[in-house]
Each structure stands twice: as structure tokens, then as C-alpha cells.
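Take a look at the structure set out below.
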Amino acid sequence: MAFRSFGILLRSLTSTLRPPFSSLHERHVLDQLSHLFPLPPSKPVDAFLAPEDKLRGVFLHNLKGKAAIQQAFYHVIVKALGRRKFFPFMMNVLRDMRLNAVHFDFFMLSIVVDSFVRAGRVRRAVQVFGNLGDFGVGRDTEALNVLLSCLCRRSHVAAAMSVFNSMKGKVRFDVETYNVVAGGWCRLGRVSEVERIMREMEEGGICANCRTFGLLIESLGRAGRMDEAVKVLSDMKEKNCQPDTATYNAVIFNFASFRDFEGCMEYYNRMLSDNCEPNLDTFARIIALFLRVRKVADALQMFDEMLRRGVVPSTGTITDFIKRLCSYGPPYAALMIYKKARKLGCVISMEAYKILLMRLSKLGKCGMLLSIWEEMQECGYSSDVEVYEYIISGLCNVGQLESAVLVMEESFRKGFCPSRLVYSKLSNKLLASNKTERAYKLFLKIKHARSLENARNYWRANGWHF
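Per our numbering: the sequence shown = residues 1 to 466.
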């Protein structure tokens, strides 16, 4: 709601270019925004302030108070304006930063540059770098690295190379500068360009580090030149550059892309023998490879190895594993990963819970279904219409019609209306069980719930939020 209201407010600021909002809509939006950052009223007159004045006071309190001028506020505002492509307002905020003596750091530079690059305004992003003096920042190596990183991340490698060549002799390049450009060519699979960047590094007297060799290995793997990639790894030791975890990951990822299990495990063992601890990326890629070809036992064994080494999987990683395991067969392996991750204290996402509920509902595992639903609620997640549909469908599959009716009535009380397919399934089973009166009462309730849902959809389509 907050982001939606903020976007409406920004659109109202551009009313000179568009038909203006009605006073009712504008006042409603301002009144909503004025409560986003509530302030304790210190005077009775505060209750009689207009929404515009309350909103202005909120931002002044947060941005101009004593010791309240924080870069984090400006980071959020500038990023929101940049994503919505309100570049004139974004530049005005940057000018206010300088007037208020707020330091323009490199994180802010990355937000501004990435906003322009994301919108396809590459030339404007380069101009921001050229005018860094206006923000009290010099065009040094770190600022150049930020610009090149934003350009290469958005696949504007040609523009990054143009800036790179134009700044030769003007800004001192470090190994990170060359790595950023090499990383851009690596994503495109241009091995020759990566090798040329490495030659320029040697000519400039800069030694390549593990990241540089890792990018070369990755680019060779993308080109299908696995033998050369392995040779680069062996040549690193001859150049007194000990491979690190990221370098071994690059080799393992190359083998994984070709579904070479033996190569993956061989270099995983070499990583351990070289005293390089595997990280989450290592285990996630190997486990994903096993799951892709349905080697569930090997995947579970590697998952146990990951936990044994103290590597804690992230929420997104667990969700990916559960999603892939639930795409085929019974969800027993997915439940094993879920239980081990939950026992370890990992945060399980709402998406993972929905996937488990959906799969258990289809298979009619009612006991597990209700148990997972209860644990989901214990984690602080509230049930939505999809969750209720999975529970109702699962209860119908095992013949617990009365429980399914109670769950559907609970969804009505919370303002949800299950789909016609789920309702028809429950209604037909009630009629088949000679529970006509129960089915008729349920019909009246869902008829009322659908009328409310249609009204809400109409209100929201007209911008009314209640």
C-alpha cells in the first residue's frame, strides 16, 4: 500500500503534464501518506493540520532534524524515484543533499547510475560520472569502478569499454577495474576479450588475482573449452596464485552446466584437499544438478554434508530445493529438507509453504497438510486464498467434508472467496453424500462472499482502498 500510494503522489506532482487528480483523490492520497511515518502530536493543533502540512512536517522531521539527516533516507527516496523514472525529481533530491551538507557516497552513486542505465539512458549515466564534482566527489578509481559495474551488470559492456578506454591515463586503474570489465565480457562468453583484458593488466604491471582467473575459467566454460579451463586452474599454482573457493566454484559450475557429475565431485574433493571451504554457492549448484536429473538420494546426501560443514542455506535456496523436489513424485524428500532446515532455525518462505501444501493436498496427505499449515501460522504467516484452497481441496480428497466446510467458512470471515473450482468440488461431494441442506447453506454464504469480492474489485479498480 505504501509503495502504491507513493507512486500516486509522484504522479500527482507531474500534473502539469497530465490531467490533474481530483481534489478528493489527492487529499485521500496525502492523508494516507501522512500516516506512513506517524509522529506523536505535541500540540492540540496538530490534529487540525491538513494532510499536506502533516506530510511536509513528517519529511522535515526525518530529513532536516538535528542528527536526523541520514543518508539512508536519501538512499530510499532516490532509489524509489529512479525506479519510477522520475529523474527530474531525483536530481532535485540530490541537489538538496548538497545544500543540506549530506555526503554523496559511492552507494548513492551506484543508485543514481543504475537508475539511468536501467532506463536505457546510458549517456546520462556517463554524464553523472563526468559531473561528480557538482556533488563534491572526485572522479577517482572507486567511482569509475561503480560506473563500470553498473554498465556491465546491465549488459552495456560496449559502453563500459568506451568509458574504460577514455579514462586511460586520467584515472589510475586497479585490479578491480579490470575485473569488472572482464566480468562483463565473461557474461557474454567473449573469451578473446577477457584474455585481452588480462594482457592489458600484465602490460600495466597489475597482477591478476583469483577473481580474474575465475572469470577466465567461467568464460572458457561458457564457450565449451573445458580442457583449457582446467589448464588455467593448474597454471594458477605455477604463477604463485593459490586458487580460492570462488575459483573452484567456477570450475565446478562449468562441469555442472554440462551435467558432468564426475567432474563436479572431482574438483569438489580437490577443493577440500586444498583447504578451501565450500560455500553456499558450491553446495547449491551441486544439489541443483542432482535434482535436475532426479538423483534425490545424492542430493540429500550433499545437503547433509552442507549442514555438517556449518553452511546455513538461505531462504531462497531452500525454496528452490523444495520447488524442484515437489515437481515430481511424493514430497517426502522435500519434507526432509524442510524439517532439517526448520530444525536448524532457517527461515522458510511463504512460497515454500504453499508448494508443500499444494503437493500434500493433491496426494491427500491430510495429517501432514494440517501439520504444515499449523507450523506456517506459527512462523507468523497469515493464510491467503491459495492456502485455504489447498486445505479445502486436501480435506475433500480424504472425505473430511465437515472440516472442509469449516475451513471455507473461516476463509469467508477473513474476506477471502475460494475459486469456483474448489467450491464446486466441495459442493458436489456434499450433494453426493446427501448433505443437501449443508450444501445449500454453503451456497448462500459463498454467494454473499462473491458479492463482497466483486464490490472490492470494483472499488480497487476505481482507486478506492478500504
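For each residue, glycine too, the CB sits at the ideal point set by N, CA and C.
Going by DSSP, histidine 156 is part of no alpha helix (DSSP H) at all; its letter is neither H nor E. With respect to the C-alpha of tyrosine 332, the residue from Lys447, Gly345, Arg270 and Leu356 having the closest C-alpha is Leu356. Only residues of its own chain outside the window of five on either side were considered, and among them Ser403 and Ala404 have a CB closer than 6 Å to the CB of leucine 395, listed in chain order. By the Cβ neighbour-count rule, lysine 237 is exposed, with fewer than 16 other Cβ atoms within 10 Å of its own.
With the rule of 3 Cβ pairs closer than 8 Å, the region 359–370 counts as touching the region 378–394. In this structure, the beta-carbon distance from leucine 291 to leucine 335 does not fall below 8 Å. Within a 10 Å sphere around the beta-carbon of glutamate 277 sit fewer than 16 other beta-carbons, which makes this residue exposed.
Excluding five sequence positions before and after isoleucine 287, the CB atoms of its chain that fall closer than 7 Å to its own CB belong to Ala299, Met302, Phe303 and Phe321, given in chain order. DSSP places aspartate 281 inside the alpha helix (DSSP H), whose first and last residues are 280–292. Taking aspartate 174 as the centre and dropping the five residues before and after it, the same chain places the C-beta of Thr141 closer than 6 Å to its C-beta, in chain order.
The DSSP-derived three-state label of valine 347 is coil.
Considering only Phe443, Phe104, Arg123 and Ser427, the residue with the shortest C-alpha distance to glycine 133 is Phe104. According to the DSSP assignment, phenylalanine 253 belongs to the alpha helix (DSSP H) that extends over 245–257.
Note that the C-beta distance between isoleucine 217 and alanine 229 is below 8 Å. Bounds of the alpha helix (DSSP H) holding phenylalanine 129 are 122–130. The beta carbon of phenylalanine 129 is closer than 6 Å to those of Leu147 in its chain, skipping five residues each way along the sequence.
By the criterion of a C-beta distance shorter than 6 Å, tyrosine 353 is surrounded in its chain by Met376, once the five residues flanking it on both sides are discounted. Straight-line measurement puts the Cα of alanine 250 at about 15 Å from the Cα of glycine 184. The Cβ neighbour count for asparagine 254, taken over all protein chains shown within 10 Å, is at least 16; the residue is labelled buried. In the three-state DSSP reduction, phenylalanine 173 falls in the coil class, being neither helix nor strand. With a 10 Å radius around the Cβ and a threshold of 16 neighbouring Cβ atoms, threonine 319 comes out buried. Rounded to the nearest angstrom, the Cβ distance from glutamate 453 to cysteine 417 is 4 Å, consistent with a contact under 8 Å.
For cysteine 379, the secondary structure class from DSSP, reduced to helix, strand or coil, is coil. Unbroken beta strand (DSSP E) runs of no fewer than 3 residues, entirely contained in the region 300–359, are not found. Under the criterion of beta carbons closer than 8 Å, lysine 429 and leucine 401 qualify as touching, at roughly 6 Å.
Linking phenylalanine 213 to arginine 199 through their CA atoms gives a straight-line distance of about 12 Å.
The C-beta distance from leucine 215 to asparagine 179 rounds to 7 Å, short enough to fall under 8 Å. Assigned with DSSP and collapsed to three states, tryptophan 459 falls in helix. With 16 or more neighbouring CB atoms inside 10 Å of its own CB, phenylalanine 283 falls in the buried class. Shown here, serine 433 sits in coil according to DSSP, grouped into three states, outside any helix or strand. Apart from sequence neighbours up to five positions away, the residues of its chain that approach alanine 143 with a beta-carbon distance below 8 Å are Phe106, Leu109, Phe129, Leu132 and Val137, ordered along the chain. Looking from the CA of arginine 211, the closest CA among Met265, Asn457 and Cys186 belongs to Cys186. Distance from the CA atom of asparagine 92 to the CA atom of phenylalanine 86, rounded to whole angstroms, is 10 Å. The beta carbons of alanine 449 and phenylalanine 412 sit about 5 Å from each other, so the pair counts as a contact at 8 Å.
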